[in-house]
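Enquirer: In the numbering used here, the protein residues as written are 225 to 451.
Heads up, the beta-carbon is just placed ideally off N, CA and C, and yes, glycines get one too.
For clarity, every value in this text was computed on a predicted model and none was experimentally measured.
Have a look at this one.
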Ligand SMILES: C[S@@+](CC[C@H](N)C(=O)[O-])C[C@H]1O[C@@H](n2cnc3c(N)ncnc32)[C@H](O)[C@@H]1O
């Protein structure tokens, strides 16, 4: 998979995507992540990418031309262009799965007060990571890239992916590791029993129980679409 990120903070974003599983995925060549700075497509000596909003108001808005030229530089026929914006469809695991099948994604990160609306003519999708406002699209982009990359074949074990929260609309069961007793709290006996059938049963029960209490919205979907 190839990913290009349009951002005025390429170094910072590159660093944030250079540790743990994402780092290994990049080093092994499974995912190729590159950064394009809209400032490289400006002509003035200050490399200006933003200007005041028409109609007045606070803050600065990213101009359309440097963003457009940055997109154009890396766009191919098969590219899927995603703008990070609070006005986009709200991100979830299903969208992560959908995006993980794309060959080439271009993420567009805005900053300051946002972007000139006309740039939306050149994107295929608009994604919000939740109902809150971030300083820039960069942190949203990190979340989205992280969640997609771990779904790409060969990045993590199939088994880990299958048992994670949100598969089949369920939250994951509780996990424990050594020591078996810690601060007088004991790991559930069944997990120490070696009986895999019973362990499987306990985990499913816990997963259902937790989802029902914490995320009744997901539990309802599970009952309607999976069970
Ligand atoms: C400070 S925000 C601008 C918010 C905009 N003025 C508004 O009220 O919708 C700057 C940029 O951060 C990114 N951003 C902020 N919150 C986001 C979110 N929840 N999901 C995705 N991107 C977000 C977008 O690229 C946005 O244009």
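#1: Who are the near neighbours of residue 255 in its chain, counting only those whose CB is closer than 7 Å to its CB and skipping five residues on each side?
#2: Just checking my contact of residue 414 with residue 423 at CB under 8 Å: how many whole Å lie between their CB atoms?
#3: By the three-class DSSP mapping on this structure, what secondary structure does residue 440 have?
#4: Counting along the chain, where does the beta strand (DSSP E) carrying residue 311 start and finish?
#5: Can you tell which of 326, 279 and 354 has the C-alpha that lies nearest to the C-alpha of residue 311?
#6: Flag residue 345 as yes when its Cβ comes closer than 7 Å to any non-hydrogen atom of ligand 1, and as no otherwise.
#7: Using CA coordinates, which residue listed in 259, 411 and 340 is at the minimum distance from residue 240?
#8: Where do the ends of the alpha helix (DSSP H) carrying residue 347 lie?
#9: Check the C-beta distance from residue 305 over to residue 330 and give it rounded, since I have them as a contact under 8 Å.
#10: DSSP beta-bridge partners for residue 332?
#11: Buried or exposed: which applies to residue 416, given that a residue is buried once 16 or more other Cβ atoms fall within 10 Å of its Cβ?
#12: Please classify residue 403: is it buried, with 16 or more other beta-carbons within 10 angstroms of its beta-carbon, or exposed?
#13: My guess is that residue 231 and residue 261 are in contact by the Cβ rule of under 8 Å, so how many angstroms apart are they, rounded?
#14: Would you say the beta carbon of residue 279 is closer than 7 Å to some non-hydrogen atom of ligand 1?
#15: Tell me whether the region 265-275 and the region 319-328 touch, counting them as touching only if at least three CB pairs, one residue from each stretch, are closer than 8 Å.
#16: Could you name the residues of the same chain whose beta carbon sits closer than 7 Å to that of residue 443, not counting the 5 residues immediately before and after it, in chain order?
#17: Counting only runs that start and end within the region 241-323, where is the alpha helix (DSSP H) found for 4 or more residues in a row?
#18: Would you kindly work out how many angstroms separate the C-alpha atoms of residue 285 and residue 371, rounded to a whole number?
#19: How about residue 240: is its Cβ closer than 7 Å to a heavy atom in ligand 1?
Expert: Let me lay it out:
#1: Taking residue 255 as the centre and dropping the five residues before and after it, the same chain places the C-beta of 225, 227, 249, 373 and 376 closer than 7 Å to its C-beta, in chain order.
#2: Confirmed, about 6 Å.
#3: Residue state, collapsed to three classes: helix.
#4: That run of the beta strand (DSSP E) goes 303-314.
#5: If we check each option's Cα against that of residue 311, 354 comes out closest.
#6: It does not: the Cβ of residue 345 is nowhere closer than 7 Å to a heavy atom of ligand 1.
#7: It is 259.
#8: No alpha helix (DSSP H) contains residue 347, which DSSP labels as neither H nor E.
#9: Yes, residue 305 and residue 330 are in contact; Cβ-Cβ is about 5 Å, under 8 Å.
#10: DSSP lists 230 and 307 as partners of residue 332.
#11: That one is exposed.
#12: It is exposed - the Cβ of residue 403 has fewer than 16 other Cβ atoms within 10 Å.
#13: Between the beta-carbon of residue 231 and that of residue 261 there is about 7 Å, and that keeps the pair under the 8 Å contact cut.
#14: Taking 7 Å as the cut-off, the C-beta of residue 279 does not count as close to any heavy atom of ligand 1.
#15: They do not touch, by the three-pair rule.
#16: Contacts found: 435 and 436.
#17: Scanning the region 241-323 for uninterrupted alpha helix (DSSP H) segments of 4 residues or longer gives 244-251, 288-298 and 317-323, listed from N- to C-terminal end.
#18: Looking at the backbone, the Cα of residue 285 and that of residue 371 are separated by about 28 Å.
#19: Result no, Cβ not under 7 Å from ligand 1.
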